[in-house]
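A.B. asks: After the structure tokens below, expect a handful of questions from me.
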Amino acid sequence: MIKIFAVLARLMDYPTAELIEARSALIDVVREETRLPVNLRDSLTAFIQQLGTGDLLDAQEDYVALFDRGRSLSLLLFEHVHGESRDRGQAMVDLLQQYRDAGLELSVKELPDYIPLYLEYLATRSEAEAAQGLGDVHPILALLSARLQERGSNYHLLFDALLAMIGIQPNMGELRGKVATEPRDDTAAAMDKVWEEEMVAFVEDKGASCRPTQSTNQTHTLHFREN
């Protein structure tokens, strides 16, 4: 069990009272993870302490504002690869089969490409398998880190830690320069436009296909059960 992946998965999920109660245990895992640089361990510890001692409702509102409004910070991996194309559905089927081949079955209703869920899966793999799994998606992790940094959110530390675990140091200055020019997609106008486009696509498709979208303001329970 690669404990740090499970910890980062929990921190990346919707904040709950259970998370706050577990903060001491989460901090212990972070402090013991020698594969992370000391300064990053210190920053993660401070992040957990701040999350755990602040107002829970404020933390939940901040989380929703970041990850559930717009697509640029979506925690669904294939949102950044396939968007709403039909290829996304097949990619999720393949990933779900990957979980099953590992003897794991989802015990909750969650899309298989939800990053915290993917991290829980990697936590059960060997270090080599986990490193390959992260390596496959590292451009997405780096992009999310840059976007979070641009918005002044310390959630970027979670993605920085994942990249550090596999020894990848992207050019964050270059990435932040690129994301700084991106139009914000979390404004009311931008979200209305996305909703209108999805409605048009649904009507044109006559409901023949079901396009998965990111859930909004939901508490995610991250659990697998063994087959």
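Per our numbering, the sequence shown starts with residue -15, numbered consecutively. Heads up, the beta-carbon is just placed ideally off N, CA and C, and yes, glycines get one too. As the structure is a prediction and not an experimental result, all values here were calculated from the model.
1. When you compare each of G157, D39, R131 to L59 by their alpha carbons, which one comes out closest?
2. Taking the CB atoms as reference points, tell me whether R15 and R25 lie closer together than 8 Å.
3. Nearest CA to the CA of P123: which residue from L41, A114, V65?
4. When the Cα of G151 is compared with those of G38, L90, T18, Y83, which residue comes out closest?
5. Using the C-alpha atoms, what's the distance from Q153 back to D169?
6. For A126 and M156, I'd like the C-alpha separation in whole angstroms.
7. Less than 8 Å between C-beta atoms, sequence neighbours within five positions excluded: which residues of the same chain meet that for Y83?
8. At which residues does the beta strand (DSSP E) containing L245 begin and terminate?
9. Which stretch, first to last residue, makes up the alpha helix (DSSP H) that contains E89?
10. Given this structure, state the Cα-to-Cα distance separating K162 from L79, to the nearest angstrom.
11. Compare the C-alpha of H140 against each of L128, M149, A115 and name the closest.
12. As a quick exercise: from K(-13), E134, A115, pick the residue whose alpha carbon is nearest that of A164.
13. Which same chain residues end up closer than 7 Å to L159 when comparing Cβ atoms and leaving out the 5 residues on each side of it in sequence?
14. On the criterion of 16 or more Cβ atoms from any shown chain inside 10 Å, does A145 qualify as buried, or is it exposed?
15. Quick one: using the 10 Å Cβ neighbour count with 16 as the cut-off for buried, is L41 buried or exposed?
16. Comparing alpha-carbon positions, which option in M(-4), Q33, T29, F(-11) lies nearest I4?
17. List the whole-angstrom C-beta distance separating A86 from M(-15), where the pair is believed to meet the contact cut-off of C-beta under 8 Å.
C.D. replies: Considering the structure as presented:
1. Closest option to L59, Cα to Cα, is R131.
2. Yes, the Cβ-Cβ distance between R15 and R25 is below 8 Å.
3. V65
4. T18
5. 27 Å
6. 8 Å
7. E89, L90, P96, Y105, F208, listed in sequence order.
8. Look at the range of the chain in this structure, -15 to 211, and you will see that residue 245 is not part of it.
9. According to the DSSP assignment, E89 belongs to no alpha helix (DSSP H) but to the beta strand (DSSP E) extending over 88 to 90.
10. 30 Å
11. L128
12. Proximity to A164 across K(-13), E134, A115 peaks at E134, based on C-alpha coordinates.
13. A126, L127, A130
14. Counting C-beta atoms within 10 angstroms of its own C-beta, A145 has 16 or more neighbours from the protein chains shown and is therefore classed as buried.
15. By the 10 Å Cβ count, L41 comes out exposed.
16. When each option's Cα is compared against that of I4, the closest is Q33.
17. Contact doesn't hold; Cβ gap of about 13 Å is too wide.
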